Amino acid sequence: MLLRDEPGPVGDERWDALLAALAEHLAARLDLAPPPWAESRVLQRPWFPAELHIQRAEALVWAPAAFRKHGVYLSARDLDAA
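Our numbering puts the first residue of the sequence shown at 213, with every later residue one more than the last.
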């Protein structure tokens, strides 16, 4: 299964945390346990991939739980658009 196998690091801990958050988010939507490898990929400082301040404010309010857990603040709307 795609979520079970740990992806290698991409060279940027922010993107590694985003991948872990996405894996947890998708697992929750499929009513599956989160992949064990995702647990350790947590940022020490929050990261907002969005550049505009209004998008950052929206991400603070609407970031899915799995993303907040990993320190990645991406709004649910941005996630749906991707």
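Here a beta-carbon is modelled for each residue, glycine too, at the ideal position from N, C-alpha and C. In this text, all values refer to a predicted model and were calculated from it rather than measured experimentally.
(message) Helix, strand or coil for V273? Go by DSSP, reduced to three states.
(response) helix
(request) Let me know if A277 comes out buried or exposed under the rule of 16 or more other beta-carbons within 10 Å of its beta-carbon. (result) exposed
(message) Per DSSP, what are the beta-bridge partners of W259 in this structure?
(response) V284
(message) For G283, which residues in the same chain have their Cβ closer than 8 angstroms to its Cβ, ignoring the five residues on either side in sequence?
(response) A229, V254, L255, Q256, R257, P258 and W259
(message) Please report the distance separating the alpha-carbon of L272 from that of L234.
(response) 17 angstroms
(message) In this structure, how does DSSP classify L244 when only helix, strand and coil are distinguished?
(response) coil
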